[in-house]
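With this note's numbering, letter number 268 in the sequence shown gets 303, and the count goes up by one each step, no holes. Even for Gly, the Cβ is constructed at its ideal location relative to N, Cα and C. Reading through the structure tokens given below for one structure.
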Amino acid sequence: MTGPPSPRIVLVAATAAQVAVSFVNFGLPSIGPDLRAEFDLSLAELGAVLTAGLLGSGLALIAASIAVERAGTRATTLGGTALGAVGLAAAAVAGSKEVLFVSLVVFGIGSAVVPVAGVGVLFRVFPPARRGWALGVRQMAVPLGGTIAALAMPGLERIGGVQLALAIAAGLVVATGVAFAFVPEGSRTDIVRVRQPFRSIWSAPGIQRLLVVAACYIVVLQAVLAYTVSSVRDAGFTASVAAITYFAVNVTAMTSRIIWGRIADRENGARRTRTLVETGVVAAAGALLFAFALHMGTVTVVAAAVVFGFGALGWNALVYVSAGERAAPELAARSVAITATWIFLLSAVCTPLLGALAAHAGWDAFWVSAAAVALVGAAVAATLPRAATS
């Protein structure tokens, strides 16, 4: 008979599984030129390949949450891990760009279970006063996986080509997914059946306004991730300065999610809404500071990017925790999945529109607009009712 799970062991396992998934989703751009050369991809086709895993996950998140609620974390994680590994293995031996794209979509569908199951089990083993910190650590795995891949994937490609990089990624997904699956789940509340679950989630206090906040903040986040390097280069700085700035943004993303999560846990989790407001205010100030810094020196640019990233990249875990706590306990995972699906789809839609804005209005107007959107998100967040923590 097994005892209750150790929250820290569960957190480590959930984080490791997310790192492995992010190793693929946010590491492939580091070998983008190699993928383009090997599969004769246009720039548009390369973009499709690089986002194929995220597309698959976006399509499967809600289904994965239902599977977790009905079959449990272990069975669903093992099934999803197997499907994800098969997709990566097929991608490693793909002979055409079409097969590569479909294989990575399959990987994304399988790996969708990792964020959903991770959030669900963390909700069970951590009390409200620790959930923000725990979700912040797990969300830190997203930029961490991409950072590790950016360092490792080019070397793997030089040694054994794209095939070796994808094969190693498949091994990491299997190892971490299986390890996470066999961590004790804790007590299950999701065996309760709720009639009309989506209507229940949609009518939960504050959930609709929370989705508006997420919509505003994801626009600002995508602006930072997709266009920081371009704006720095267009301002006349070298590629090295742009790379240093982007690295600083990623490091800030890892630390900010933990720090904001810790702050949000104060007062037994009652500080979540105020913290969501503060992230938006910091992001707005950072955007204005970054626009000004582009006309200054290197140190100013990097420092401004750190301030900007601290606000713009630190909110994810807070939104997911708030979404889970606003729904009934048995619907927490599905509520998070719906929120994540909304965020994934908006990411895909807003990024090219942001590029068009930058091209037509210039970078100063672009970053001022980002500041305005962040302030709108903060204003809406200020109206959120307190969630029922349990």
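For residue i, does the count of other Cβ atoms within 10 angstroms reach 16, so buried, or fall short, so exposed?
i	result
ARG302	First, the residue type needs correcting, since residue 302 is Glu and not Arg in the sequence shown. Exposed is the call here.
SER77	exposed
THR273	exposed
ILE144	buried
GLY296	buried
LEU63	buried
SER131	exposed
THR418	exposed
PHE215	buried
VAL334	exposed
MET188	buried
MET289	buried
PRO387	exposed
GLU31	Here the chain comprises residues numbered 36 to 425, so residue 31 is not present and cannot be evaluated.
ARG369	buried
ALA180	The question names Ala, but residue 180 is Gly in the sequence shown. Result: buried.
ARG173	buried
SER41	exposed
Tell me where the alpha helix (DSSP H) around residue i begins and ends.
i	result
SER235	232-237
ALA147	Neither: ALA147 is in no alpha helix (DSSP H) and is coded neither H nor E.
HIS330	Counting along the chain, HIS330 falls outside any alpha helix (DSSP H), and DSSP gives it neither H nor E.
ASN303	No alpha helix (DSSP H) holds ASN303; DSSP gives it neither H nor E.
ASP399	398-416
TRP295	274-299
ILE203	163-216
ILE253	242-269
GLU360	351-361
LEU96	87-106
ILE44	42-60
Apart from the five residues on each side of it in sequence, which residues of its chain come closer than 6 Å, Cβ to Cβ, to residue i?
i	result
ILE298	THR310
CYS385	VAL254 and GLN257
ASP225	In this predicted model, ASP225 has a pLDDT of only 44, less than 50, meaning its place in the structure is not dependable enough to derive any value.
GLY119	PHE142, GLY145, SER146 and VAL208
TRP350	TYR252 and THR314
LEU329	ALA270
ALA413	VAL312, GLY315 and VAL316
THR211	ALA51, ALA52 and ALA55
ALA99	ALA147, VAL148 and VAL151
Less than 8 Å between the CB atoms is what I'm expecting for residue i and residue j, so what's the real figure, rounded?
i	j	result
THR116	VAL103	Their Cβ separation, rounded to whole angstroms, is 13 Å, which puts THR116 and VAL103 out of contact at 8 Å.
THR108	ALA152	5 Å
VAL213	VAL45	That pair is no contact at about 15 Å.
ARG43	MET175	Actually they do not touch by this definition, with Cβ atoms about 15 Å apart.
VAL59	LEU157	22 Å between Cβ atoms; not a contact.
ALA416	VAL248	5 Å
GLY206	LEU353	Their Cβ separation, rounded to whole angstroms, is 33 Å, which puts GLY206 and LEU353 out of contact at 8 Å.
ARG165	LEU245	Not really, about 21 Å apart at Cβ, beyond 8 Å.
TRP402	PHE325	6 Å
ALA305	ARG421	6 Å
VAL197	VAL276	Wrong, their Cβ atoms sit about 29 Å apart, outside the cutoff.
PRO150	GLN243	Not confirmed; about 22 Å, so no contact.
Excluding five sequence neighbours on each side, which residues of the same chain lie with their C-beta closer than 7 Å to the C-beta of residue i?
i	result
VAL341	ALA283 and THR287
GLY93	THR376, PHE379 and LEU380
LEU90	VAL140 and GLY143
ALA83	PHE136
LEU201	LEU123, ALA126 and ALA127
Can you list, in chain order, the residues of its chain whose CB lies under 8 Å from that of residue i, leaving out five sequence neighbours each side?
i	result
ASP75	LYS132
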